[in-house]
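Visitor:
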DNA sequence: TGTAACTGTGGACCATACTCCACAGTCAAG
DNA sequence: CTTGACTGTGGAGTATGGTCCACAGTTACA
C-alpha cells in the first residue's frame, strides 16, 4: 500500500506519515519503484503501529517515548531479561495512569450526579478522590 | 502563600506557575502587597487545581482543554443542564481513554508473561486486544 | 536605612508535533 | 509519448507548552 492509501486508512495526513517515518515510528519498505527516491510501501503491521501510536499519544506519551518503546521490540537484539525490564517499567507507568484516570472518572461521575440530583448535598471535592490513591 | 512556596509544594517552576496563571488555569488572589505589580497569593484550592492540571495533562489533555474545563466550573454562570452536558462529554472521553488504557495494559501484561515464561507460544498480538474494544 | 531575598513584566528562546509548500522525479493509463 | 496523479525531499512556518533572562519594584529583617 502506498502512502496515500495508508494515510487514508489510518486517518493521518501524508506529511504526518512521513514525519513519523523520519522519527523511526513507522518502517515502510521500499519496492524499487520510484527511482532515485523509492516509494514507501506500508503493510498491515504499520496500520497497527499507527494505532499504537495514536493510543499511546492520547495517553500522554511523547513520540520520542513511543519510538523508544517500539524500537526495542523491532530490533530484537536485547536480552529477554532487558525487554521484560523495559516493558515492566512501561506497565507500571500505564497502571499509574489508569489509577489517576479512575480517580478522575469517579470524581466526574460524582460531580455529575450531584449536579443532576442533589445540589443541596455537599459538592464532591476532588481532593477526597485524589487522596484515595 | 506566595509564588515560590506554591511552586515548591506543587513541584512546578515559578515560570510555569505564571504561565498557567496567564492561561487562566490558576486564579491567585492579590493582597495589596507588591505595589504596582501586586503579589499573587495562592490558596489550597490552587494546589488542588495544579494536581488536576497535572493529571489531566498526563492523560493527554491540552492546557486549552483543561482551561475550558475549569473555567466552566469557576464562573458558575451556566445552567445546571449545560454543566451536566459538558461534564458528561468529558466523562465519555475519559472513559474511552480508560478503555484504551486497559487494552494497552492487558497487552503489555500478556507480552511480559510471554517473554518470561513461554516464548514458544504464539506472541501476543496487539490487534487482538485492540479489536475487543 | 541598607540590603538580601523576594516579586511581576516583557520578551527571547526552546522542544515537540505537526503542517504547508515548491520542486522535481516517477508511474500508469490512454 | 503525453499527461495527470502520484511520489520523495528540503525547508519554512505554526501551535503548544514551557524555560530563561534582564530589569525594576517591594518586602522584611538586621
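Residue numbers (the numbering used here), protein chains in the order written: chain F, 1 to 133; chain P, 1001 to 1133.
Just so you know, even glycine gets a beta-carbon here, dropped at the ideal spot from N, CA and C.
Treat the numbers as computed from the prediction; the structure is a model and nothing was measured.
Whole angstroms are fine: how far does the CA of residue 46 (chain F) sit from the CA of residue 25 (chain F)?
Guide: Looking at the two C-alpha atoms, the distance is approximately 9 Å.
Visitor: According to a CB-to-CB cut-off of less than 8 Å, which residues of the region 1092–1107 of chain P neighbour chain F?
Guide: From the region 1092–1107 of chain P, only 1094, 1095, 1097, 1098, 1100, 1101, 1102, 1103, 1104, 1105 have a Cβ closer than 8 Å to chain F.
Visitor: Between residue 122 (chain F) and residue 1019 (chain P), what straight-line distance do the alpha-carbon atoms span, to the nearest angstrom?
Guide: Residue 122 (chain F) and residue 1019 (chain P): Cα-Cα distance of roughly 32 Å.
Visitor: Can you find a C-beta in chain P that's less than 8 Å from the C-beta of residue 17 (chain F)?
Guide: Cβ-Cβ to chain P under 8 Å: no for residue 17 (chain F).
Visitor: In angstroms, rounded to a whole number, what distance separates the CA positions of residue 119 (chain F) and residue 82 (chain F)?
Guide: Each residue's Cα considered, the two are about 53 Å apart.
Visitor: Rounded to the nearest angstrom, what separates residue 980 (chain P) and residue 1103 (chain P) at their Cα positions?
Guide: The requested residue 980 (chain P) is not part of the displayed model; chain P covers only 1001 to 1133.
Visitor: Should residue 89 (chain F) be labelled buried (16 or more other beta-carbon atoms within 10 Å of its own) or exposed?
Guide: Burial call: exposed.
Visitor: Listing by chain order, which chain F residues have their CB less than 9 Å from the CB of residue 1120 (chain P)?
Guide: The premise fails here: residue 1120 (chain P) is roughly 12 Å from chain F at the closest Cβ pair, so nothing lies under 9 Å.
Visitor: Check whether the Cβ atoms of residue 1084 (chain P) and residue 115 (chain F) lie closer than 8 Å to each other.
Guide: Their beta carbons are under 8 Å apart, which means residue 1084 (chain P) touches residue 115 (chain F) by this criterion.
Visitor: Using only the alpha-carbon positions, how far apart do residue 1005 (chain P) and residue 1041 (chain P) sit?
Guide: Computed Cα separation, rounded: 10 Å.
Visitor: Just by C-beta distance, which residues in the region 1047–1071 of chain P are closer than 8 Å to chain F?
Guide: Answer set for the region 1047–1071 of chain P: 1048, 1051, 1052, 1055, 1056, 1057, 1058, 1059, 1060.
Visitor: Does any C-beta atom of chain F lie closer than 8 Å to the C-beta of residue 1112 (chain P)?
Guide: Chain F contact via Cβ: present.
Visitor: Helix, strand or coil for residue 1033 (chain P) per DSSP?
Guide: Reduced to three states, the DSSP call for residue 1033 (chain P) is coil.
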